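For the sequence shown, this note's numbering gives the first residue as 400, with consecutive numbering after it.
Don't be surprised by glycine CBs; every beta carbon is placed ideally from N, CA and C.
Here the structure is a predicted model, which means the values were calculated and not measured.
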Amino acid sequence: MKTCPKCGYEIPVDKVKFCYECGYKFGESTEVKESVIEPLDSLDISFADTSDTFDFSSLNIESSDTSDDLQIDSDLVIKNGVLLEYKGKNKRVTIPSTVTKIDNEAFYMNDYVEEVIVGTNVKEIGDEAFIEFKNLRMVSLPEGLKKIGRGAFAFNERLTVIDIPRSVTEIGENAFENTGMSSVVIPKGVEAISDEAFRICPNLKKVTISEGVKTVGVNAFELCKSLTSISLPSTLRIIEHGAFTGTAISSIDLPEGLLEIDSYAFFECVNLKEIKIPKSVKRIEGDAFVSCTSLKKIYVPRHLNFEYEYSKIKAEIIYY
């Protein structure tokens with residue numbers, strides 16, 4: 400507790416420009432003295448009428464209460480290491496190393512930002528944190544990042560430069576839907592590529608899925624119409640409904656170890672010419688290749704009973 404040297408009023412904070420009670424202005428070199436308890440009759444107190452002399456609403460009071468650790472650093476609002484909101488209009492934003500998490504919708508639908516450098520200690524990017532920017536082109540993500548939330552970078556059509564760090568273990572649904580990225584490597588720590596994670600990425604040409612990934616989710620790469628190269632890991636077990644719908648692949652190597660291929664997994668892959676089903680597959684839906692109009696040969700293990708009567712294809716089934 401500090402005391403005003405003029406009126407003796409006890410001031411609850413250290414860094415103030417004026418006394419709350421009498422309006423006394425502290426000089427830059429003036430130090431507020433520590434409170435000293437003295438008999439009231441020994442104090443020379445003169446009260447000033449401040450009604451006409453000072454507007455207390457102009458006080459710039461910096462609270463010493465740091466229990467919530469709230470910081471407003473320029474355009475960034477940070478609380479307890481969480482970046483809550485970006486309020487600026489800069490083209491380039493650097494997130495400081497004090498931040499460990501970017502909150503949901505922190506940069507929601509920004510019209511100004513073109514480049515984002517994410518701080519080295521960020522471990523999680525929240526849902527829709529960077530969704531639907533008008534001009535976002537580049538994002539630098541740090542090694543050490545663990546989670547990319549649902550829709551985190553969705554609908555950034557101009558976003559062409561972004562690499563997913565090897566440390567990432569979770570990529571949320573629609574995380575990169577409708578972005579401008581041309582290639583992507585899914586890290587080995589990601590066990591499942593979430594539903595629609597890379598849906599409608601028109602420039603995406605090459606996908607490398609690292610060893611460790613077990614599931615390609617529902618419509619994960621749907622309508623990536625430029626996608627011609629897909630590398631699948633030996634750890635892959637399930638290709639879910641519509642996972643590669645409408646891609647431009649002409650061939651794909653399905654790994655031994657794959658167990659299930661769901662309905663419409665390769666729907667309207669019109670360039671796909673032939674495909675071999677691994678012997679490890681236990682279940683494959685008959686409509687997995689609906690409207691694959693160029694498909695001529697399907698190699699099927701003898702233990703599978705595969706029929707595609709209503710799939711609008713004329714491929715030859717070759718059992719092996």
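Backbone secondary structure at Ala714 - three-state DSSP
The sequence position of residue 714 within the sequence shown is 315, counting from 1. DSSP places Ala714 in coil when its eight states are reduced to three.
Note down the Cα distance separating Asp502 from Glu621, rounded to an integer number of angstroms.
Here the question's residue 502 lines up with position 103 in the sequence shown. Here the question's residue 621 lines up with position 222 in the sequence shown. Approximately 28 angstroms, taken between the alpha carbons.
May I ask you to report which of helix, strand or coil DSSP gives Met508?
Counting from 1 along the sequence shown, the entry for residue 508 is found at position 109. Met508 falls in the coil class under three-state DSSP.
Of the listed residues Tyr507, Ile494, Lys533, Thr607, nearest to Ile779 (C-alpha basis)
Past the edges of the chain, shown from 400 to 719, lies residue 779, and the structure says nothing about it.
Spatial neighbours of Gly548 within its chain, please: CB distance less than 6 angstroms, with the 5 preceding and 5 following residues excluded, ordered by chain position.
By one-based count along the sequence shown, residue 548 stands at place 149. So the list reads Ile524, Gly525, Asp526, Gly571, once near-sequence residues are dropped.
Over what stretch of residues does the beta strand (DSSP E) that includes Ser630 continue unbroken?
Position 231 of the sequence shown, counting from 1, holds the residue named residue 630. 628-630 is the extent of the beta strand (DSSP E) around Ser630.
Determine, for Ile712, whether the minimum Cβ-Cβ distance to residues of chain B falls below 8 angstroms.
No chain B appears in the structure shown, which is made up of a single protein chain.
With 16 other CB atoms within 10 Å as the buried threshold, where does Asn618 fall?
In the sequence shown, residue 618 corresponds to position 219, counting from 1. It counts as buried.
By the three-class DSSP mapping on this structure, what secondary structure does Ala591 have?
Your numbering for residue 591 matches position 192 in the sequence shown. If DSSP states are grouped into helix, strand and coil, Ala591 belongs with the strands.
Determine the burial state of Val498: buried for a count of at least 16 other Cβ atoms within 10 Å of its Cβ, exposed for fewer.
Start at 1 with the first residue of the sequence shown, and residue 498 comes out as number 99. Buried is the call here.
Put Met580 into one of helix, strand or coil per three-state DSSP.
By one-based count along the sequence shown, residue 580 stands at place 181. The answer is coil: DSSP assigns Met580 none of H, G, I, E or B.
Indicate the three-state DSSP secondary structure (helix, strand or coil) for Ser539 in the structure shown.
Your numbering for residue 539 matches position 140 in the sequence shown. If DSSP states are grouped into helix, strand and coil, Ser539 belongs with the strands.
Uninterrupted beta strand (DSSP E) stretches inside the stretch 653-708 (no shorter than 3 residues)
With a minimum length of 3 residues, the unbroken runs of beta strand (DSSP E) contained wholly in the stretch 653-708 fall at 673-675, 696-699.
With distances taken Cα to Cα, identify the nearest neighbour of Ser690 among Thr578, Ile674, Arg682, Cys668.
Here the question's residue 690 lines up with position 291 in the sequence shown. Nearest C-alpha to Ser690: Cys668.
Suppose you measure from the CA of Phe688 to the CA of Ser710; what does that come to, to the nearest Å?
In the sequence shown, the residue the question calls residue 688 occupies position 289. In the sequence shown, the residue the question calls residue 710 occupies position 311. About 7 angstroms.
Quick one: using the 10 Å Cβ neighbour count with 16 as the cut-off for buried, is Ile660 buried or exposed?
Here residue 660 corresponds to residue number 261 of the sequence shown, with the count starting at 1. So Ile660 counts as buried.
Spatial distance of Asp510 from Ile516 (CA atoms)
Position 111 of the sequence shown, counted from the first residue, corresponds to residue 510. Position 117 of the sequence shown, counted from the first residue, corresponds to residue 516. Cα to Cα, the separation comes out at about 17 angstroms.
Ile530, DSSP secondary structure in three states
On the sequence shown, position 131 is the one that residue 530 refers to. Here Ile530 sits in coil by DSSP.
What residue range is occupied by the uninterrupted beta strand (DSSP E) comprising Leu544?
If you number the sequence shown from 1, residue 544 lands on position 145. Segment: none, Leu544 is in no beta strand (DSSP E) and carries neither H nor E.
For Glu556, which of helix, strand or coil comes out of DSSP?
Sequence index remark: in the sequence shown, residue 556 carries index 157 (1-based). It is coil, neither helix nor strand.
How is Leu482 classed by DSSP in three states: helix, strand or coil?
The residue you call residue 482 lines up with position 83 of the sequence shown. Note: Leu482 maps to strand in three-state DSSP.
Nearest to Thr692 by alpha carbon, out of Ile676, Leu671, His702, Asp686?
As a position in the sequence shown, residue 692 is number 293, starting the count at 1. Minimum Cα distance to Thr692 is reached at Leu671.
What number of angstroms, rounded off, separates the C-alpha of Ile720 from the C-alpha of Gly487?
Residue 720 cannot be examined here, being either before or after the span of the chain that is shown, 400 to 719.
Looking at Leu535 and Glu513, is the spacing between their C-beta atoms short of 8 angstroms?
Here the question's residue 513 lines up with position 114 in the sequence shown. Here the question's residue 535 lines up with position 136 in the sequence shown. Yes, these two residues count as a Cβ contact at 8 angstroms.
Could you tell me how far apart the beta carbons of Glu655 and Pro677 are, in whole angstroms, since I believe they sit closer than 8 angstroms?
If you number the sequence shown from 1, residue 655 lands on position 256. If you number the sequence shown from 1, residue 677 lands on position 278. Correct: roughly 5 angstroms between the Cβ atoms.
With DSSP run on the structure shown, which of helix, strand or coil describes Ile637?
In the sequence shown, residue 637 corresponds to position 238, counting from 1. If DSSP states are grouped into helix, strand and coil, Ile637 belongs with the strands.
DSSP state of Glu569 mapped onto helix, strand, coil
As a working mapping, residue 569 is identified with position 170 in the sequence shown. DSSP, reduced to helix, strand and coil, places Glu569 within a strand of the structure shown.
For Val567 versus Phe552, is the C-beta spacing smaller than 8 angstroms?
Here residue 567 corresponds to residue number 168 of the sequence shown, with the count starting at 1. Here residue 552 corresponds to residue number 153 of the sequence shown, with the count starting at 1. Taking 8 angstroms as the Cβ cut-off, Val567 and Phe552 do not qualify as a contacting pair.
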